[in-house]
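J.: My questions all concern the structure below.
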Amino acid sequence: MQTLISASNYFGIELNGRQLEQYSLYHDELISWNRKLNLTSIISPAEIELKHFADSLSVLAVLEPETLQGKPEVIDIGTGAGFPGIPLKIALPHINLTLVDSTQKKMFFVEHIVQKLKLENVTVLAGRAEELAHKPLYRERFHLVFSRAVAKLPSLAELSLPFCAINGLFVAWKKGDISAEVESAGHSLNVLGARLKCVIPVTFPGLDDGRFLVITNKVSSTPPKYPRRPGTPLKNPL
Ligand code: SAH
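Under this note's numbering, residues 37 to 274 are what the sequence shown spells out, in order.
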């Protein structure tokens, strides 16, 4: 776990023995369940450590310490096998975490990991963001909304921003040449009540292959009609 230890130090956090054990268990379960469920194409131990665990933690380098004070409500949209939500919950045990994915079998795995790692204050929701975001319990409730590798920004913003509280942050993990994508999201962000704050490159060695965190501020309430019905945000982006 040397890479993960170096990466977490680089991103400004020190992991203790219990946390390293939790990552190690998560790693073992991911490999074992991946034989039956198609959870991830990244299966070498070194890659899991770097491209799943360390990559999930990269946001720690850019969040202001006040953002993480108290018991922040954090949601991960399209978490898949738990990324970035679960690695972040291991590193920050005090957060209240909600994990959302529309694929039931992935959420069985995620539920299993939450129990196996004895993670507290984690809610696992199998469902579509387009539907869950209209439930009063979840709407505009979260201080931090995270999403990695789910959809292009104009669509992803519609799936994610309705969950974000005013003054909260929405962070999208992105890879590749994203300047056109970011530009094309301007209208969507505007309609949904958000402003682009910054685009931060990830610089940790090994993750310096064109990864960016796109950070937006929620400045006003999202109109109630968003997100539109399931499938529409992807098919017909704002
Ligand atoms: N965030 C994870 C998984 C990315 S794959 C990672 O970085 O490894 C994209 C995931 O988003 C899939 O698991 C898919 O089921 C989920 N997803 C796609 N559209 C969704 C929607 N509308 N609502 C909820 N989950 C969605």
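A virtual CB, placed ideally from N, CA and C, is assigned to each residue, including glycine.
Are at least three pairs of beta-carbons, each pair with one atom in the region 91–101 and one in the region 112–121, less than 8 Å apart?
T.: In short, these stretches touch, since the Cβ pair count reaches three.
J.: Can you give the Cα-Cα distance for Lys154 and Gln105, rounded to whole angstroms?
T.: Approximately 22 Å, taken between the alpha carbons.
J.: State the CB to CB distance for the pair Glu176 and Cys200, rounded to an integer number of angstroms; the pair is presumed to be in contact (CB under 8 Å).
T.: Confirmed, Cβ separation roughly 7 Å.
J.: In the DSSP output, which residue or residues are listed as bridge partners for Asp64?
T.: DSSP, once it has assigned bridges, lists no residue as partnering Asp64.
J.: Within 10 Å of its beta-carbon, does Asp245 have 16 or more other beta-carbons around it, so buried, or fewer, so exposed?
T.: Answer is exposed; the Cβ neighbour count stays below 16.
J.: Starting from the N-terminal side, write out each stretch of the alpha helix (DSSP H) that is 4 residues or longer and does not extend beyond the region 85–135.
T.: Those alpha helix (DSSP H) runs which fall completely within the region 85–135 and span 4+ residues are 121–127.
J.: Leaving aside the five residues before and after Pro266 along the sequence, list all residues of the same chain whose C-beta is less than 8 Å from its C-beta, in chain order.
T.: Within the same chain, Pro266 has close Cβ partners Arg164, Glu166, Glu167.
J.: Spatial neighbours of Ser256 within its chain, please: CB distance less than 8 Å, with the 5 preceding and 5 following residues excluded, ordered by chain position.
T.: Cβ within range, chain order: Ile202, Gly229.
J.: By DSSP's criteria, Ser77 is part of a beta bridge. Which residues make up the other side?
T.: Note: Ser77 sits in no beta bridge, so no partner.
J.: Fully enclosed by the region 149–225, which alpha helix (DSSP H) runs are 4 residues long or longer?
T.: Whole alpha helix (DSSP H) segments, 4+ residues: 165–168, 189–196, 215–220.
J.: Whether or not the region 180–200 and the region 210–225 are in contact is what I'm after, with contact meaning three or more pairs of Cβ atoms, one per stretch, closer than 8 Å; do they touch?
T.: The region 210–225, when compared against the region 180–200, does touch it at the 8 Å Cβ threshold.
J.: Once the 5 residues before and after Ala208 are set aside, which same chain residues still bring their CB inside 7 Å of it?
T.: Around Ala208: Ser183, Leu189, Leu192, Val250.
J.: Please confirm whether any heavy atom of the ligand SAH lies closer than 7 Å to the CB of Phe199.
T.: No, since every heavy atom of the ligand SAH falls outside the 7 Å radius drawn around the Cβ of Phe199.
J.: From Glu50 to Ser44, what does the alpha carbon distance come to, in whole angstroms?
T.: Cα to Cα, the separation comes out at about 6 Å.
J.: Residues in the same chain with beta-carbon distance under 8 Å from Leu270, minus the five sequence neighbours each way, listed in chain order, please.
T.: Closer than 8 Å at the Cβ level, and outside the excluded window around Leu270, lie Ala187, Ser191.
J.: Could you tell me if the beta carbon of Lys152 falls within a distance shorter than 7 Å of some heavy atom in the ligand SAH?
T.: No, since every heavy atom of the ligand SAH falls outside the 7 Å radius drawn around the Cβ of Lys152.
J.: Can you tell me which of the three DSSP states Thr252 falls into?
T.: Reduced to three states, the DSSP call for Thr252 is strand.
J.: Quick check: the Cα distance between Thr2 and Arg231, rounded to an integer number of angstroms?
T.: Coverage of the chain is limited to positions 37 through 274, which leaves residue 2 absent and any answer about it impossible.
J.: Assuming Phe248 contacts Pro263 under a Cβ cut-off of 8 Å, what Cβ separation, rounded to an integer in Å, is found between them?
T.: At roughly 24 Å, the Cβ-Cβ gap does not stay under 8 Å, so Phe248 and Pro263 are not in contact.
J.: To the nearest angstrom, how far is the alpha carbon of Pro172 from that of Val181?
T.: Rounded to whole angstroms, Pro172 to Val181 spans 16 Å at the Cα level.
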